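**Student:**
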Amino acid sequence: MPSGMVGTTPEVNTSVEALSTWTAWAYLAAGAAICAGCIWLIPMTTIVAYCEAMTITPDAPTETRSIDGIPLTPKDVTTIGFEDLAPRATVEAERLHRKQRLAGALRIFGRLGFGEGVAGHITVRDPEFPDHFWVNPLGLSFRHMKVSDLILVNHHGEVVYGKHSVNRAAYVLHAAVHTARPDAIAAAHAHSVYGKAFSSLGIKLDALTQDSCAFYENNVVIADHGGAVVFEEAAGRDFAEAFGNNRAAIHQNHGHFTVGASVDEAVFWFVCFERCAQAQLAAMAAGTPKHIPHESAVYTRENAGNAMTGWMHFQPLWQEICATDPELFN
Ligand SMILES: [Zn+2]
């Protein structure tokens with residue numbers, strides 16, 4: 000086949016050949032039926048010639064196939080965003096990286112409609128002082144968040160960097176989780192509609208879709224203190240203990256919380272859980288959902304719902320917010 004023609008792979012041509020052959024023989028059958036009662040008859044040699052003309056012989060694979068002069072040989076490739084996984088050279092650079100992701104993640108929460116007055120918070124540990132965490136200040140819109148707005152809070156609930164106050168519930172719950180879970184670099188929570196609706200049922204998220212498998216045997220319902228605003232440190236410790244080693248917790252009659260090894264991961268799990276809760280509510284309202292079998296749910300969780308994939312899923316959200324909200328870096 001001349002270069003520049005569409006469909007040069009053997010697989011494509013084989014399909015074209017099969018389609019064309021069937022098309023030709025369909026015409027033949029139709030023609031025979033039409034002609035059955037007629038006084039004229041298409042010569043068989045003409046029909047055979049037509050069928051042969053419609054048959055495309057697949058090209059044999061060659062070493063010279065190319066597009067725009069580029070040979071179609073395997074290439075070394077990179078994955079978008081992976082350059083950000085490289086360790087930062089200094090603790091200051093790592094701190095700035097985390098704060099930028101945090102400001103962007105909060106704007107993503109705002110864009111997705113997760114704001115509910117002053118409720119909701121995302122926290123990330125400081126890389127140099129891991130018993131301190133950066134968080135959004137009380138009363139500032141998610142959608143207006145900038146790096147310079149973020150505050151640093153110690154594990155006594157005191158603001159030690161920045162000039163705005165902290166949401167007491169953010170400190171009580173997140174500080175307790177960060178203390179109990181050294182692996183939780185970041186934690187996320189908001190009063191998003193489907194998360195809080197789902198939390199009123201007092202049930203876990205089920206493995207109903209591929210996405211929800213990320214939370215299979217990895218989410219928990221916490222009923223204690225669920226209906227009351229958590230302002231006491233003892234209640235925060237109860238919450239963290241009940242959270243266990245799960246990726247997500249459903250605080251009954253409140254909403255969901257997620258953790259991760261980065262802002263990217265924790266925030267994507269929050270967004271994903273919200274949508275999985277929406278899907279489960281819709282499925283339960285429509286009928287009786289079928290559950291993914293245990294082995295398949297575990298396989299999907301380990302292969303498509305691990306920490307790295309959580310980080311990866313955040314990258315398109317990050318690209319969008321960087322493109323539209325460059326002031327987040329101020
Ligand atoms: Zn809350």
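Counting from 0, one number per residue, gives the positions in the sequence shown under numbering that gives the first Met the number 0.
C-beta: ideal position from N, C-alpha, C; glycine also.
This structure is a prediction, so every number in the text was calculated from the model and none was measured.
Hey, is the stretch 107-122 in contact with the stretch 183-203, meaning 3+ C-beta pairs nearer than 8 Å?
**Tutor:** Yes, the stretch 107-122 is in contact with the stretch 183-203.
**Student:** Candidates P129, E157, G114: which alpha carbon is nearest G138's?
**Tutor:** Nearest option by C-alpha distance: G114.
**Student:** Considering Cα atoms alone, identify which of I107, T63, R64 is closest to F267.
**Tutor:** I107
**Student:** Measuring straight from C-alpha to C-alpha, what distance separates R87 and K98?
**Tutor:** 13 Å
**Student:** How is A31 classed by DSSP in three states: helix, strand or coil?
**Tutor:** Caution is warranted here: a pLDDT of 45 is assigned to A31, below 50, making its placement in the model unreliable, and no coordinate value can be reported.
**Student:** Have a look at S14 and T323 and give me their C-alpha separation to the nearest angstrom.
**Tutor:** Here the model assigns S14 a pLDDT of 43, short of 50, so the residue's position is not dependable, and the following value carries that caveat. Roughly 43 Å separates the two Cα atoms.
**Student:** What do you reckon, is the C-beta of A276 under 7 Å from a heavy atom of ligand 1?
**Tutor:** no
**Student:** Quick check on H253: does DSSP put it in helix, strand or coil?
**Tutor:** coil
**Student:** So for L316, helix, strand or coil by DSSP?
**Tutor:** helix
**Student:** Give the straight-line distance between the Cα atoms of A281 and C275, rounded to the nearest whole angstrom.
**Tutor:** 10 Å
**Student:** Straight-line CA distance for H224 to A234?
**Tutor:** H224 and A234 have their C-alpha atoms spaced approximately 7 Å apart.
**Student:** May I ask whether a heavy atom of ligand 1 can be found less than 7 Å away from the beta carbon of H255?
**Tutor:** No - ligand 1 has no heavy atom lying nearer than 7 Å to the Cβ of H255.
**Student:** Residues in the same chain with beta-carbon distance under 8 Å from N244, minus the five sequence neighbours each way, listed in chain order, please.
**Tutor:** So the qualifying residues of the chain are R180.
**Student:** Any chance you could list the alpha helix (DSSP H) runs of at least 4 consecutive residues sitting entirely within the stretch 71-117, in chain order?
**Tutor:** Contiguous alpha helix (DSSP H) elements confined to the stretch 71-117 occur at 90-110, taking only those with 4 or more residues.
**Student:** List, from N- to C-terminal side, the alpha helix (DSSP H) runs of 4 residues or more that fit wholly inside the stretch 254-328.
**Tutor:** 262-285, 293-303, 306-323
**Student:** Between which two residues does the beta strand (DSSP E) carrying L151 extend?
**Tutor:** 150-153
**Student:** Looking at ligand 1, does it come within less than 7 Å of H224, judged from the CB to the closest heavy atom?
**Tutor:** no
**Student:** Taking only heavy atoms of ligand 1 into account, decide whether any of them is closer than 7 Å to the Cβ of A186.
**Tutor:** No, the beta carbon of A186 sits no closer than 7 Å to any heavy atom of ligand 1.
**Student:** Quick check: is any heavy atom of ligand 1 less than 7 Å from the C-beta of H190?
**Tutor:** Yes - ligand 1 has a heavy atom lying nearer than 7 Å to the Cβ of H190.
**Student:** Got a sec: does ligand 1 put a non-hydrogen atom nearer than 7 Å to the Cβ of A168?
**Tutor:** yes
**Student:** Can you look up R167 in the DSSP assignment and give me helix, strand or coil?
**Tutor:** Here R167 sits in helix by DSSP.
**Student:** Is A175 near ligand 1, in the sense that its beta carbon is under 7 Å from a heavy atom of that ligand?
**Tutor:** No, the Cβ of A175 stays beyond 7 Å of every heavy atom of ligand 1.
**Student:** With burial defined as no fewer than 16 other Cβ atoms inside 10 Å of the residue's Cβ, what is the status of I33: buried or exposed?
**Tutor:** The pLDDT assigned to I33 is 44, lower than 50, so where the model puts this residue is not dependable, and the model offers no usable value.
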